[in-house]
Amino acid sequence: MNDGTSVAGPPTGPVTARVILSAADIDRALTRIAHEILESNKGSSDLVLLGIPRRGYPLAQRIAAKIAATDPGFDAAASLGQLDVTMFRDDLRKNPARTPQPTRIPVQGIDGRTVVLVDDVLYSGRTVRAALDALVDVGRPRVVRLAVLVDRGHRELPIRADHVGKNLPTSSQEKVRVRLAETDPEPRSAEHADCVVIEAPAPGAGA
Amino acid sequence: MRHLLSTKDLSYDAALTILDTADQMAAVGQRAVKKLPALRGRTVVNLFFEDSTRTRISFETAAKRLSADVLNFSAKGSSVSKGESLKDTAQTLAAMSADAVVIRHSASGSPQQLAESDWIDAAVVNAGDGTHEHPTQALLDAMTLRQHRARTEGRESTRGLDLEGMHVVVVGDVLHSRVARSDLWLFTTLGARVTFVAPPTLLPVGMGEWPCRVLFSLDEALDPAPDAVMMLRVQRERMHAAFFPTAQEYAREWGFTPERLGALDAAGASTAIMHPGPMNRGLEISSAAADSPRSTVLDQVRNGVSVRMSVLYLLLAGDDLDTPTDPARLQER
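Protein chains in written order, with this note's numbering: chain R, 1 to 207; chain X, 1001 to 1333.
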C-alpha cells in the first residue's frame, strides 16, 4: 500500500515529479481490468471485489461499477468490500502504529467465491501477503486474484498480479504516488483529478 | 505513546486514535476467527496487586485476541505475600522478557514508578492505581458515549467523533473513585461537560481546580436530562468511616431509583445509564435502571476488550522504531 500521506521516506530534498497516468489513462486501465476480470472469471457469478485501504477501495468501487455497466446481472453493492491488512503486516514493530481501517465483507461472505484483491501500487508484495493472511481469517475463497493499478517491480516475495493497469519500471529511490479524487481531495487540475505521479530525487541534489 | 498511565496527560489526538482503533478491534469479535496476529510472540504480564476479576479478564481477552502470550500474576499466592517488593517483582518479570506490564496496585502512582524506573523495559499500562486513575475504564466509557452519540444523532460511523457538547453526570463516591478522575480528564479533553454529584462527605479536597460542576442533589443534575449518567459503585471495602448514614438513605438520595428512571422516560430524554461494574443493585442503581434499555453496562464490558486491544496494539506496535531500516523501504508500509 502506497501511503502518500506518510512523512517517512528518503531524505526530502528537491524532487522532480512526473505524471505517468492522467485521469483518462486511469479510467481506461480500470475499464480494461474490469473486462479482464470478467473474462478470466467467465462472467460475474460468485465474484467479490475487495479493495485494500486506502486507495484500493475506491479503485475496487470503480471496477465494480464498470463490471455492473457491462454485465447487468452483477450486483456491485453486494459484491464489493474492503479488507484492512494493518494488523497482519510483518513490519508492525518497525513502524509507528497506524489506525486500522474498517474491514467490510459482503454479507454473503467469501466462501467458495472468486475474490479479487484490488490495490493501487504493487511493490514489495508484503501488503498482498498480509492481505492473504487477513483473507484466511474471513473465509475460504475458491480463487484469489490480484488486480493493481501500477506494478512498480522490486518484489520481495513470490507474488504477482493477475491484472495490471500499468507496468512501471522504477528505481527504488523513486516514489510512486497515486492520487484519487476520493482519497486525496487537495485541488488539482481536472485532467489530473486522478493521477499517478513518480517522484524522484532531483539530479545533483545530493539525495 | 510508550506507556498509558493516566488520561490527564492523554492528548485529544491520541485519545481519538485509541478510540478509532478500538472500533476496528470491536469488529474482530464478530468474525469467525476472533484473533489477530499483531502481537504474536510478545508477552503481556497482568500484574494485579489488588483484587479484580473483570479488568483482569478483559485485559487477558484483549491480549489473547491479539495473539500475545499472557502471564497472570496476582499478589495473593505469590511471593508478594512473602514480602517481595514491587522492584524485585518487576525485575523478575524483566528477566522473563515481558513486553508489556498491565499493573493494578492499591498505591497511587505505582504504575508511574514502574514506568520511570529502570527496573523493567516494558510498556506499562495502568489498570487502576489507588484513588488516582483507571485510564482504560475512562477510554471504554468514552467509546460507549461515542456510540450512544452516534446512535442518537443517527450517524453511521463513530470514526473521528468526539464528545463535543455532551453533558455527563457522574454520581457517587468521587472521593475514592479513580474512574471518576480518569473520566473527568478524558471527557473534558474530548469536549464533554462533566457534573459530579455526591454527598459532601464523598468529595475529595482540592476539587476547586477541577474543570467540572459539583452538585449535591441528583434530581437537580437530572433536570434538564444529561446525555449520560454514570453511577459509580459504592466501594464498601473503602467505606471505613461513616460517609453516609444508611444504605437506604444513600439509595434514596443518590441512587438511580425507578422513580428517577420514570421521570427520564416521561421527559422523553435519550439519557444513557452507565455503570463501571460490579453493580450494587438496590444501592447506587435499582434493578429497573440496570435492566432498562438505557443501560449500557454490557456495552461497556464489550468495549472494554476492544479498548484494551487498541491500547496494547498501539503501545507495542512500532517499539522497534529506533532500529535502523532501509529508508527506501519506508514508502511501502
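Cβ atoms here follow ideal geometry from the backbone N, Cα and C, with glycine treated the same way.
**Message:** Using a Cβ-Cβ distance cut-off of 8 Å, determine whether H1003(X) contacts chain R.
**Reply:** Residue contact with chain R for H1003(X): absent (no Cβ-Cβ distance below 8 Å to any residue of chain R).
**Asked** F88(R) versus chain X: which residues are under 9 Å apart at the beta carbon?
**Response** Per Cβ cutoff of 9 Å: L1036, P1037, A1038.
**Asked** Counting contacts by CB-CB distance shorter than 8 Å, is E1332(X) in contact with chain R?
**Response** Confidence in E1332(X) is poor, its pLDDT being 39 and thus under 50, which makes the residue's placement unreliable; the coordinate value appears in the next sentence. The C-beta of E1332(X) comes closer than 8 Å to at least one C-beta of chain R.
**Asked** Quick one: what's got a C-beta closer than 7 Å to C1212(X)'s C-beta in the same chain, skipping five residues either side?
**Response** Counting only residues of its own chain and dropping the five nearest sequence neighbours on each side, C1212(X) has a CB closer than 7 Å to the CB of L1184, V1194, T1195, F1196.
**For R1104(X), the three-state DSSP class (helix, strand or coil)** = In the structure shown, the three-state DSSP call for R1104(X) is strand.
**Asked** Does the beta-carbon distance from D1129(X) to S1110(X) come in below 8 Å?
**Response** Contact annotation: D1129(X) and S1110(X) have beta-carbon atoms nearer than 8 Å.
**Prompt:** Name the DSSP bridge partner or partners of G51(R)?
**Reply:** Note: G51(R) sits in a beta bridge opposite Q82(R), V118(R).
**Prompt:** Hey, F1256(X) and M1239(X): beta-carbon distance below 8 Å or not?
**Reply:** Contact flag unset, no.
**Asked** If L1005(X) sits next to Q1112(X), beta carbons under 8 Å apart, how far is it from one beta carbon to the other, in whole angstroms?
**Response** Yes, L1005(X) and Q1112(X) are in contact; Cβ-Cβ is about 5 Å, under 8 Å.
**Asked** Relative to the alpha-carbon of A1094(X), which residue among A1192(X), V1168(X), V1045(X), S1286(X) has its alpha-carbon at the smallest distance?
**Response** Restricting attention to A1192(X), V1168(X), V1045(X), S1286(X), the CA atom closest to the CA of A1094(X) is found in V1045(X).
**Item:** Top-ranked residue by Cα proximity to D71(R), from S44(R), V178(R), P100(R), R155(R)
**Value:** Nearest of S44(R), V178(R), P100(R), R155(R) to D71(R), Cα basis: S44(R).
**Message:** Less than 8 Å between the C-beta atoms of A130(R) and V15(R), yes or no?
**Reply:** If you check the CB distance, A130(R) and V15(R) do not come in under 8 Å.
**Message:** Against chain X, which members of the segment 89-100 of chain R pass a CB distance test of less than 7 Å?
**Reply:** Residues of the segment 89-100 of chain R with a Cβ closer than 7 Å to any Cβ of chain X, in chain order: D91, L92, R93, K94, N95, P96, A97, T99, P100.
**Message:** Quick check: the Cα distance between V148(R) and R126(R), rounded to an integer number of angstroms?
**Reply:** A direct Cα-Cα distance of roughly 14 Å separates V148(R) from R126(R).
**Request:** May I ask you to list the residues that DSSP assigns as paired with S1295(X)?
**Result:** Answer is I1273(X).
**Asked** What are the start and end residues of the beta strand (DSSP E) that includes G165(R)?
**Response** G165(R) -> beta strand (DSSP E) spans 163-167.
**Asked** What is the DSSP secondary structure of F88(R), counted as helix, strand or coil?
**Response** Secondary structure at F88(R): helix, using DSSP grouped into helix, strand and coil.
**Request:** Tell me, please, whether the CB atom of T103(R) is closer than 8 Å to any CB atom in chain X?
**Result:** Interface residue, yes.
**Message:** Just to make sure I have the definition right: I need the residues of chain R whose C-beta is within less than 9 Å of the C-beta of L1086(X). Which are they?
**Reply:** What L1086(X) touches in chain R, judged by beta-carbon distance under 9 Å, is nothing: the nearest beta carbon there is about 28 Å away.
**Prompt:** If you follow the alpha helix (DSSP H) that P1258(X) is part of, which residue opens it and which one closes it?
**Reply:** Per DSSP, P1258(X) belongs to the alpha helix (DSSP H) from 1258-1267.
**Item:** L47(R) versus G139(R): straight-line alpha-carbon distance, rounded
**Value:** If I take the Cα positions, the gap works out to 14 Å.
**Request:** Please decide whether Y1012(X) counts as near chain R, where near means a Cβ-Cβ distance under 8 Å.
**Result:** Using a Cβ-Cβ cut-off of 8 Å, Y1012(X) does not count as an interface residue toward chain R, since no Cβ of chain R sits closer than that to its own.
**Request:** Verify whether the separation of the beta carbon atoms of S1310(X) and I1018(X) is less than 8 Å.
**Result:** With respect to the 8 Å criterion, S1310(X) and I1018(X) are classified as neighbours on the basis of their beta carbons.
**Message:** Counting only Cβ pairs nearer than 8 Å, list the residues of chain X close to V115(R).
**Reply:** Within 8 Å Cβ-Cβ: nothing; V115(R) doesn't reach chain X, min ~16 Å.
**Message:** From the DSSP secondary-structure annotation, give me the bridge partner or partners of H1167(X).
**Reply:** Answer by DSSP bridge pairing, in chain order: R1193(X).
**Prompt:** Would you say G206(R) reaches chain X, if we count a Cβ-Cβ gap shorter than 8 Å as a contact?
**Reply:** Any answer about G206(R) is weak, because its pLDDT of 49 lies below 50 and its placement is not dependable; what the coordinates show is given next. G206(R) does not count as touching chain X.
**Message:** I believe L1312(X) touches A1100(X) by the beta-carbon criterion, under 8 Å. Please report the beta-carbon distance rounded to the nearest angstrom.
**Reply:** Confirmed, about 6 Å.
**Cβ contact check for the segment 1050-1065 of chain X and the segment 1007-1017 of chain X: 3 or more pairs under 8 Å** = No, the segment 1050-1065 of chain X is not in contact with the segment 1007-1017 of chain X.
**Prompt:** Excluding five sequence neighbours on each side, which residues of the same chain lie with their C-beta closer than 6 Å to the C-beta of A1068(X)?
**Reply:** These residues qualify, in order along the chain: L1039, R1042, V1044.
**Prompt:** Pairing CB atoms from the segment 155-174 of chain R with CB atoms from the segment 78-85 of chain R, are three or more of them under 8 Å?
**Reply:** By the Cβ test, the segment 155-174 of chain R is not in contact with the segment 78-85 of chain R, since fewer than three Cβ pairs between them sit closer than 8 Å.
**Item:** Rounded straight-line distance, which links the Cα of R188(R) to that of T1296(X)
**Value:** In this structure, the alpha-carbon of T1296(X) lies about 46 Å from that of R188(R).
**Prompt:** Exposed or buried, A1245(X), counting other C-beta atoms within 10 Å across all chains shown (16 or more means buried)?
**Reply:** Per the sequence shown, the amino acid found at residue 1245(X) is Pro instead of Ala. Under this definition P1245(X) is an exposed residue.
**Request:** Measure the alpha-carbon distance for R1149(X) versus L1163(X) and round it to whole angstroms.
**Result:** It is roughly 8 Å from the alpha-carbon of R1149(X) to the alpha-carbon of L1163(X).
**Beta-carbon gap between M1143(X) and A1022(X) smaller than 8 Å** = Closer than 8 Å, so yes.
**Asked** Taking DSSP as the reference, what is the three-state secondary structure of V1301(X)?
**Response** Look at V1301(X) here: in three-state DSSP terms it is helix.
**Message:** Ignoring anything shorter than 3 residues, give me the beta strand (DSSP E) runs that lie fully in the segment 1120-1164 of chain X, in order along the chain.
**Reply:** If we require 3 residues or more, the beta strand (DSSP E) runs fully inside the segment 1120-1164 of chain X come out as 1123-1129.
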